[in-house]
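Structure first, then comments.
Now the structure itself:
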């Protein structure tokens, strides 16, 4: 039985929050921490703290969010409830239910203390999650938000045998790159709209929870299409 | 509808934890914070922080735990799971279920970061609560433990009308004082065992969830017994 949950901190700004997140993970049996683009002095202060846990000392430091979640099959982005107004988001308890007995390697992604996740970060997420705080309250502290999610997910992220082979975020990113190449050979991509289009397409692929086999098929088709197109 | 939960921090040592506890309370709609015997420099640093919430600025500072919970009808003490080995403790989710629709004014009591609650502190508690962390992990950070409890109890501590009139901790403490006076007139109290006996008797009164009426009757009986005894 393995604890299958990766916690990803994107651009954390406070060494105490990095340490507190790692500590809460350890409290609830999680060990897989990735940190995206931390500011070097912040990172160094966090890992050199006398009480740094082994979770923190073993954390992976990644340049991009895409790299941090490349092998994950379900990427869940977090934000304050207000941030997701009009979008569909789930609670930690609902995520726990969804993960119960599932075959996913899930990642739970937290943004920086000041700005949260950017829209580009969110385009890498299959799903959005909010902790149900009261209206008009301040946003949650990062270390406390991580603690609540780890507490809620503690029993629902272990599995024995693999079942459905979901596509990983990295495999979908590779399919997206092929699709963008194909579209780049048409006038569908206009000067200036490439980044926006890439985000939209990524969201639309992630929304559908594709299997590894479906993504393989898609990539094969895209490669053949590309090779038949004029540059 | 009022949020009926008091958070009590006993001898907190870190201003950041006091601030983080108040912030988490605000996130989940709680406002009633009491702090027992904080070290003055720690307290002053916490309340003078630029981001101090109104929960913190309105917190009551008490000399003793008995004072902090005097008007509460259910006092729940927290500790790491290992601390309660062999004793019966509940989880935050179980407490949420117990409080659902109840007529209690509950207090949730957290000890200092270093030592937790003392046995004397615990003798003031009707019930014990542990957050279900994994074996052999470090103890939880105070601010994170408060956040998890507030998250779990956010929907279960509001009520409309009073129903059963439970005795408050202060009323039980008054009954205990009368009982100790009566016992003091016998040879049941030996030199040196008074504090231990007081703790045992308190625990035994709190274990039974007495109503206001039962405690009033008990006090009346103890007063009459006392007045008939020779000094």
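Residue numbers (the numbering used here), protein chains in the order written: chain A, 729 to 959; chain B, 729 to 959.
Glycine included, each C-beta is placed from N, C-alpha and C at the ideal position.
*Measuring alpha carbon to alpha carbon, tell me which of A/843, A/930, A/898 and A/883 ends up nearest residue 867 of chain A.*
In this structure, A/843 is the residue among A/843, A/930, A/898 and A/883 with its C-alpha nearest to the C-alpha of residue 867 of chain A.
*Is DSSP giving residue 888 of chain A helix, strand or coil here?*
Below a pLDDT of 50, predicted positions are generally treated as unreliable, and residue 888 of chain A, at 47, falls in that range; the measurement from the model is reported next regardless. Coil, per DSSP.
*Apart from the five residues just before and just after residue 794 of chain A, which ones in its own chain have a Cβ nearer than 8 Å to its Cβ?*
Only 852, 897, 898 and 901 meet the Cβ criterion.
*Starting from the Cα of residue 756 of chain B, find the closest Cα among B/923, B/878 and B/933 and give me that residue.*
Closest by alpha carbon: B/878.
*Start and end of the alpha helix (DSSP H) containing residue 865 of chain A?*
Per DSSP, residue 865 of chain A lies in no alpha helix (DSSP H) segment and is marked neither H nor E.
*Taking DSSP as the reference, what is the three-state secondary structure of residue 749 of chain A?*
Helix, per DSSP.
*Inter-residue CB distance, residue 763 of chain A and residue 737 of chain A (contact presumed, cutoff 8 Å)*: Between residue 737 of chain A and residue 763 of chain A the Cβ distance is about 5 Å, and since that is below 8 Å, they are a contact.
*Since residue 836 of chain A and residue 735 of chain A are thought to touch, with beta carbons under 8 Å apart, how far apart are those beta carbons, to the nearest angstrom?*
Rounded to the nearest angstrom, the Cβ distance from residue 836 of chain A to residue 735 of chain A is 6 Å, consistent with a contact under 8 Å.
*Counting along the chain, where does the alpha helix (DSSP H) carrying residue 945 of chain B start and finish?*
Annotation: the continuous alpha helix (DSSP H) that includes residue 945 of chain B extends over 940-955.
*If you drop the 5 nearest sequence neighbours on each side, which residues of the same chain put their C-beta closer than 8 Å to that of residue 893 of chain B?*
So the qualifying residues of the chain are 831, 939, 940 and 941.
*Since I believe residue 834 of chain A is in contact with residue 704 of chain A (beta carbons under 8 Å), could you give me their beta-carbon distance rounded to a whole number of angstroms?*
The question about residue 704 of chain A has no answer, for chain A in this structure spans 729 to 959.
*State the start and end residues of the unbroken alpha helix (DSSP H) segment that holds residue 849 of chain A.*
Segment 847-850, the alpha helix (DSSP H) holding residue 849 of chain A.
*asked:* Can you give me the C-alpha to C-alpha distance between residue 828 of chain A and residue 884 of chain A, rounded to a whole angstrom?
replied: When rounded, the distance between both Cα atoms is 5 Å.
*Identify, in the order they occur along the chain, each residue of the same chain with its Cβ nearer than 7 Å to the Cβ of residue 875 of chain A, setting aside the five sequence neighbours on each side.*
Leaving aside the five residues that flank residue 875 of chain A on each side, the residues in its chain whose CB is nearer than 7 Å to its CB run, in chain order, 752.
_Nonlocal neighbours in the same chain, by C-beta distance under 8 Å from residue 785 of chain A, ignoring five residues either side_ = Here the set comprises 775.
*Distance, Cα to Cα, residue 797 of chain A vs residue 823 of chain B?*
Taking the straight line from one Cα to the other gives about 36 Å.
*asked:* Can you give me the C-alpha to C-alpha distance between residue 912 of chain A and residue 951 of chain A, rounded to a whole angstrom?
replied: Approximately 13 Å, taken between the alpha carbons.
_Can you confirm whether residue 806 of chain A, when its beta carbon is compared against all beta carbons of chain B, has any partner nearer than 7 Å?_
Not flagged as an interface residue toward chain B: residue 806 of chain A, since no C-beta distance is shorter than 7 Å.
_For chain A, check one thing: does any of its Cβ atoms lie closer than 7 Å to the Cβ of residue 928 of chain B?_
Chain A, which has no Cβ nearer than 7 Å to the Cβ of residue 928 of chain B, makes this no.
_Residues in the same chain with beta-carbon distance under 8 Å from residue 933 of chain A, minus the five sequence neighbours each way, listed in chain order, please._
Answer for residue 933 of chain A: 900, 903 and 904, listed in chain order.
*Going along the chain, which residues of its own chain have a beta-carbon closer than 8 Å to the beta-carbon of residue 910 of chain B, five neighbours each way excluded?*
Within the same chain, residue 910 of chain B has close Cβ partners 950, 953, 954 and 957.
_If distances are taken between C-alpha atoms only, which option among B/929, B/771 and B/935 comes closest to residue 739 of chain B?_
In terms of CA proximity to residue 739 of chain B, B/771 leads the group B/929, B/771 and B/935.
*Count the other CB atoms within 10 Å of the CB of residue 840 of chain A; is the residue buried (16 or more) or exposed (fewer)?*
In the assembly as shown, residue 840 of chain A is a buried residue. Its beta-carbon has 16 or more other beta-carbons within 10 Å.
*Does DSSP put residue 919 of chain A in a helix, in a strand, or in coil?*
Correct three-state label for residue 919 of chain A: coil.
*Could you give the distance in angstroms between the alpha-carbon of residue 926 of chain A and the alpha-carbon of residue 908 of chain A?*
Distance between the alpha carbons of residue 926 of chain A and residue 908 of chain A is about 7 Å.
*Starting from the N-terminal side, write out each stretch of the beta strand (DSSP E) that is 3 residues or longer and does not extend beyond the stretch 773-804 of chain B.*
Counting only runs of 3 or more, we get 788-790.
*asked:* Please state whether the Cβ-Cβ distance between residue 816 of chain A and residue 857 of chain A is less than 7 Å.
replied: No. Outside cutoff.
*Residues bridged to residue 738 of chain A (per DSSP)*: Answer is A/764, bridged to residue 738 of chain A.
*asked:* Can you confirm whether residue 888 of chain A, when its beta carbon is compared against all beta carbons of chain B, has any partner nearer than 7 Å?
replied: Confidence at residue 888 of chain A is low in this model, with a pLDDT of 47, below 50, so the placement of that residue should be treated as unreliable; the coordinate-derived value is given next. Chain B contact via Cβ: absent.
*Whether residue 838 of chain A touches residue 792 of chain A by CB criterion (7 Å)*: Not closer than 7 Å, so no.
*Return helix, strand or coil for residue 876 of chain B, following the three-state DSSP convention.*
Looking at residue 876 of chain B - three-state DSSP - the assignment turns out to be helix.
*Quick one: which chain A residues come within Cβ less than 7 Å of residue 966 of chain B?*
One cannot answer for residue 966 of chain B here, as it falls past the ends of chain B, which runs 729 to 959.
_Quick check on residue 744 of chain A: does DSSP put it in helix, strand or coil?_
Per DSSP, reduced to three states, the secondary structure at residue 744 of chain A is helical.
_Using beta carbons (cut-off 7 Å, strictly below), is residue 751 of chain A in contact with chain B?_
Yes, residue 751 of chain A counts as interfacial toward chain B.
_Tell me the residue span of the alpha helix (DSSP H) that contains residue 807 of chain B._
Element bounds for residue 807 of chain B: n/a, residue is neither H nor E.
*Applying the criterion that 16 or more other CB atoms from any shown protein chain within 10 Å of the CB defines a buried residue, is residue 810 of chain A buried or exposed?*
The residue in question, residue 810 of chain A, is exposed, as its Cβ has fewer than 16 Cβ neighbours within 10 Å.
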